[in-house]
Amino acid sequence: MKTSLEIDGARIAYVDTGSPRPGAATLLLVHGFPLSRAMWRSQVEGLASVCRIVAPDLRGYGESAPGDWPAADESPTLDRYADDLTVLADCLQADGPVVLVGFSMGGYIALNVERRCPDAFDALVLMDTRAIADDEAGRATRLKMAEHVHEWGAARIAELMRPNLFATATPEAVVRETVDVIASTDPAAIAASQRAMAARPDSTPLLGSIAKRTLVVVGEHDAISPPAEMRGIAEAIPGARFIEIAGAGHMAPVERPEAVNAALAEFAESL
Ligand code: MLT
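So the sequence shown is numbered by the numbering used here: it starts at 59 and just counts up by one.
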């Protein structure tokens with residue numbers, strides 16, 4: 059079912075589906091940058107018999123409207139997206155555990171939720187993401203893109219990002235689908251997210267205090283959040299599980315959906 063929620067002037071569109079047994083887990087799937095819930099198509103289709111699946115478009119992405127965020131005098135932060143997710147989670151009336159599944163930028167947002175509202179979710183999946191903040195060069199690149207994206211256009215961003223997103227063996231049709239989503243993203247959303255990600259703090263010191271069940275998933279060839287770095291995240295979170303997805307790059311849920319779905323289903327059923 060497609061539905062939406064008004065939050066503070068914005069309209070957050072989301073899919074809410076699945077008819078699993080009472081008490082089954084709900085997976086709240088948070089997409090990466092600059093994507094949309096479309097990236098979770100294979101998870102929505104493949105996991106709906108096991109879990110309840112909720113997949114929003116973040117504010118300004120896909121079918122979600124940003125409201126007046128960010129205001130002209132505001133420096134955007136990931137808090138805004140994190141707060142939208144906690145409001146959404148509150149509205150779900152889930153009768154089982156709610157798992158926050160954050161992919162890449164979605165993972166940065168999940169760590170923000172963990173820092174500020176650790177009781178908002180029962181379990182956590184960090185997928186193809188990072189705990190560290192940007193270095194100076196990374197921050198400068200983001201701010202440059204934020205400043206110029208309106209003149210460059212989203213299609214140029216898609217071409218800039220494409221080489222880092224996929225394993226070399228991933229079929230062109232799969233690559234094309236993601237590139238098309240990026241190319242259709244509102245430049246204002248790209249600018250807001252880049253500024254928010256540039257401002258995010260280092261979450262490494264938080265990892266040791268995460269007290270909920272956590273799964274860490276990464277593509278074998280992820281060039282943005284490499285497996286060695288993600289293994290370190292898993293080792294820093296008490297009791298976390300680590301799964302590497304063979305043959306996938308950064309876009310593991312799109313490139314190797316069966317393996318990612320198996321990891322998510324096993325985790326959800328273990329809760
Ligand atoms: C993403 O996939 O969300 C981005 O690659 C994250 C980033 O830009 O750091």
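We treat Cβ as the ideally placed atom computed from N, Cα and C, and that holds for glycine. From a predicted model like this one, the values you see are computed outputs, not experimental measurements.
Task: Range of the contiguous alpha helix (DSSP H) that encloses MET219 - done: Taken as a continuous stretch (DSSP letters only), the alpha helix (DSSP H) holding MET219 covers 212-223.
Task: Cut-off 6 angstroms between Cβ atoms - residues of its own chain near GLY76, not counting five sequence neighbours on either side - done: Excluding residues within five positions, the ones whose Cβ falls inside 6 angstroms are ALA106, CYS109, ARG110 and ILE111.
TODO: Starting from the C-beta of ALA83, find all residues in its chain whose C-beta is less than 7 angstroms away, skip the five residues before and the five after it, and write them out in chain order.
DONE: Once the five neighbours on either side are set aside, the close Cβ partners of ALA83 are CYS109, GLY154, PRO155, VAL157, ALA326 and LEU329.
Task: Buried or exposed (CB count within 10 angstroms, at least 16 for buried), GLU217 - done: With fewer than 16 other Cβ atoms from the protein chains shown falling within 10 Å of its own Cβ, GLU217 counts as exposed.
Task: Whole runs of the beta strand (DSSP E) within the segment 236-294, excluding any shorter than 3 residues - done: Within the segment 236-294, the complete beta strand (DSSP E) runs of at least 3 residues are 271-277.
Open item on the list: Quick test of your reading: ALA113 and TYR72, contact by CB under 8 angstroms. State the CB separation rounded to the nearest angstrom.
Closed with: Indeed they touch by this definition, with Cβ atoms about 6 angstroms apart.
Open item on the list: 8 angstroms is my cut-off, CB to CB: does LEU264 come that close to chain E?
Closed with: Absent here is chain E; the protein component of the structure consists of one chain.
Task: Beta carbon of LYS270 nearer than 8 angstroms to that of ALA212 - done: In terms of Cβ geometry, LYS270 and ALA212 do not form a close pair [threshold 8 angstroms].
Task: Nearest residue (CA-CA) to ASP186, options LEU223, GLY196 and CYS175 - done: With distances taken between Cα atoms, ASP186 lies closest to LEU223.
Task: Cβ contact (3+ pairs, closer than 8 angstroms) linking the segment 169-183 and the segment 126-143 - done: Yes: at least three Cβ pairs fall under 8 angstroms.
Open item on the list: Rounding to the nearest angstrom, what Cα-Cα distance links ALA227 and GLY305 in this structure?
Closed with: The C-alpha of ALA227 lies about 8 angstroms from the C-alpha of GLY305.
Open item on the list: When you measure from the CB of MET163 to every non-hydrogen atom of the ligand MLT, does any distance come out below 7 angstroms?
Closed with: The answer is yes for MET163.
TODO: Check whether the segment 293-302 touches the segment 254-267, counting contact only when three or more Cβ pairs, one atom from each stretch, lie closer than 8 angstroms.
DONE: The answer is yes - the segment 254-267 touches the segment 293-302, with three or more Cβ pairs under 8 angstroms.
- [ ] Using 7 angstroms as the cut-off, classify the Cβ of PHE325 as near or not near the heavy atoms of the ligand MLT, replying yes or no.
- [x] No; taking the cut-off as 7 angstroms, the Cβ of PHE325 has no heavy atom of the ligand MLT nearer than that.
TODO: Would you mind listing the beta strand (DSSP E) stretches within the segment 109-156 that are 3+ residues and don't spill past its ends, in chain order?
DONE: List check, beta strand (DSSP E) in window: 110-114.
Task: beta strand (DSSP E) segment containing ARG69, residue limits - done: For ARG69, the enclosing beta strand (DSSP E) starts and ends at 68-75.
Task: beta-carbon MET255 near the ligand MLT non-hydrogen atom, thresh 7 angstroms - done: Checking the Cβ of MET255 against the ligand MLT gives yes.
- [ ] Select from PHE91, LEU86 and PRO124 the residue whose C-alpha is nearest the C-alpha of GLY67.
- [x] Residue nearest to GLY67 within the set PHE91, LEU86 and PRO124 is PRO124 (criterion: CA-CA distance).
Open item on the list: Any heavy atom of the ligand MLT closer than 7 angstroms to the beta-carbon of HIS279?
Closed with: No, Cβ of HIS279 sits at least 7 angstroms from all heavy atoms of the ligand MLT.
- [ ] Please report how far the alpha carbon of VAL237 lies from the alpha carbon of ARG220, in whole angstroms.
- [x] CA-CA distance, VAL237 to ARG220, rounds to 7 angstroms.
Task: Proximal residues to ARG200 (C-beta, below 8 angstroms), its chain only, five neighbours per side dropped - done: Cβ neighbours of ARG200 beyond the five flanking positions: ASP192, GLN252, ARG253, MET255 and ALA256.
- [ ] Reducing DSSP to helix, strand and coil, say where ALA96 ends up.
- [x] DSSP places ALA96 in helix when its eight states are reduced to three.
Open item on the list: Here's the rule: buried if 16 or more other CB atoms are within 10 angstroms of the residue's CB, otherwise exposed. What is GLU316?
Closed with: Around the beta carbon of GLU316, fewer than 16 other beta carbons lie within 10 angstroms, which makes this residue exposed.
Task: Opposing strand residues paired with LEU86 [DSSP bridges] - done: Beta-bridge partners of LEU86 (DSSP): VAL112 and LEU158.
TODO: Rounded to whole angstroms, what's the CA-CA distance from ILE282 to GLU103? Just pull it up for me.
DONE: Computed Cα separation, rounded: 27 angstroms.
Open item on the list: Taking 8 angstroms as the threshold (C-beta atoms), are ILE301 and ILE248 in contact?
Closed with: No Cβ-Cβ contact shorter than 8 angstroms links ILE248 with ILE301.
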